[in-house]
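Converting from the sequence shown to my numbering requires adding 4 to each position, the first position being numbered 1.
Cβ coordinates follow ideal geometry from the N, Cα and C atoms, glycine included.
The structure displayed is predicted, hence computed values, not measured ones.
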Amino acid sequence: MIHIQNLDFRYPRADFRLAIDELKIETGEKVAFVGPSGSGKTTLLNLISGISVAAEGSVNVAGKEVSQLADAARRDFRVANTGFVFQRFELIEYLNVRDNILFPFLINPSVELTPKVRGRMAELAESVGIETLLKRYPNQLSQGEQQRVAICRALILWPPLILADEPTGNLDPGNKDMILDLMLSEFDAQDRTFVVVTHDRAVAEKCERTIDFSNFHRRIQPDEAIS
Ligand code: ADP
Ligand code: MG
5 MIHIQNLDFR YPRADFRLAI DELKIETGEK VAFVGPSGSG KTTLLNLISG ISVAAEGSVN
65 VAGKEVSQLA DAARRDFRVA NTGFVFQRFE LIEYLNVRDN ILFPFLINPS VELTPKVRGR
125 MAELAESVGI ETLLKRYPNQ LSQGEQQRVA ICRALILWPP LILADEPTGN LDPGNKDMIL
185 DLMLSEFDAQ DRTFVVVTHD RAVAEKCERT IDFSNFHRRI QPDEAIS
């Protein structure tokens, strides 16, 4: 599902560098990304989903070379293939909870908003306990409630790949277990790939493999700095 080779990524005018010789994640695998804050976990999720593009190396997702796609094609690819739970949720402030969950359908002309999809929206909302909040707006929700909306939005399109950036960081223990089980059960039945960034050992233990970012990043030395 994901094959990264000789990746070398830097942000402009910053001294952070993410360098990965090779990383393979098979279809259907459940993988946890762990490592210190600032080690590039979110950066790699952005590269995998095509939000960012690496100048050097190969990021192949579902058989497509992400960095070779033009902007519009990359966005379509991302919407169709990945469900992203952002670390900062990125909910749309002017849409209510229901429309935030349905957002992938509202912006993507290639998928149709059918009664079945609306039914699935209601089911997902119920399964994470936010079914009474559908008419509220993000600024009327707690952090944990916003996080659950973000999780529903990531799952609504049935993506083959889910990328979840610290998805349980704002949840109390009860909600955390429930949501983790929901996300994993969504993926158990199918050949879906699940990548989760987490500081939580309990989350990592539910995955099949843990990838530690401690070795992937380093500060650029002055003599190799790019001006
Ligand atoms: P993690 O998710 O592992 O905490 P990130 O991938 O968010 O780490 O960030 C890795 C490093 O890149 C950090 O040092 C961060 O400050 C830096 N960084 C993140 N985004 C940007 C950006 N847009 N421009 C410059 N530097 C950035
Ligand atoms: Mg991060």
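Leaving aside the five residues that flank Lys28 on each side, the residues in its chain whose CB is nearer than 8 Å to its CB run, in chain order, Ile6, His7, Ile8. Taking 3 residues as the shortest admissible run, the region 56–114 contains the following complete beta strand (DSSP E) segments, listed from N- to C-terminal end: 60–65, 86–89.
No Cβ-Cβ contact shorter than 8 Å links Ser43 with Asn50. In the three-state reduction of the DSSP assignment, Arg196 falls in the coil class, being assigned neither a helical nor a strand state.
For Asp169, the beta-bridge partners assigned by DSSP are Val201. The continuous stretches of beta strand (DSSP E) do not include Lys120, which lies in the alpha helix (DSSP H) extending over residues 119–131. Out of Leu48, Gly39, Lys34, the CA that lies nearest to the CA of Asp12 is found in Leu48. Just measuring C-alpha positions, the residue of Asn10, Met182, Asn179, Glu212 sitting nearest Ala58 is Asn10.
Excluding sequence positions up to five before and after Thr31, its CB lies within less than 7 Å of the CB of Met5, Asp195, Thr197, all in the same chain and listed in chain order. Just so you know, the alpha carbons of Leu175 and Leu184 end up roughly 11 Å apart. Judged by the Cβ position, Gly67 fails to qualify as a neighbour of ligand 1 at the 7 Å threshold, every heavy atom of the ligand being at least this far. In the structure shown, Ile160 adopts coil according to DSSP, grouped into three states. Contact between the region 110–121 and the region 147–155 is not established, with fewer than three Cβ pairs separated by less than 8 Å. Not one heavy atom of ligand 1 lies closer than 7 Å to the C-beta of Thr31.
Contact annotation: the region 161–178 does not touch the region 125–142, with fewer than three C-beta pairs closer than 8 Å. Here Lys34 carries a strand assignment [DSSP, helix/strand/coil]. Contact check for Leu186 against Ser131 passes: the beta carbons are separated by less than 8 Å. Between the C-alpha atoms of Ile160 and Leu106 there is a straight-line separation of about 7 Å.
In this structure, the C-beta of Val200 stays at least 7 Å away from each heavy atom of ligand 2. Sequence-distant partners of Lys210 (beyond 5 residues in either direction) whose C-beta falls short of 7 Å from its own C-beta, in its chain, are Leu184, Leu188. Not one heavy atom of ligand 1 lies closer than 7 Å to the C-beta of Ser218. Here DSSP, grouped into helix, strand and coil, assigns Leu188 to helix.
The straight-line gap separating the alpha-carbon atoms of Pro40 and Asn104 is approximately 31 Å. Between the alpha carbons of Met182 and Ile52 lies a distance of about 27 Å.
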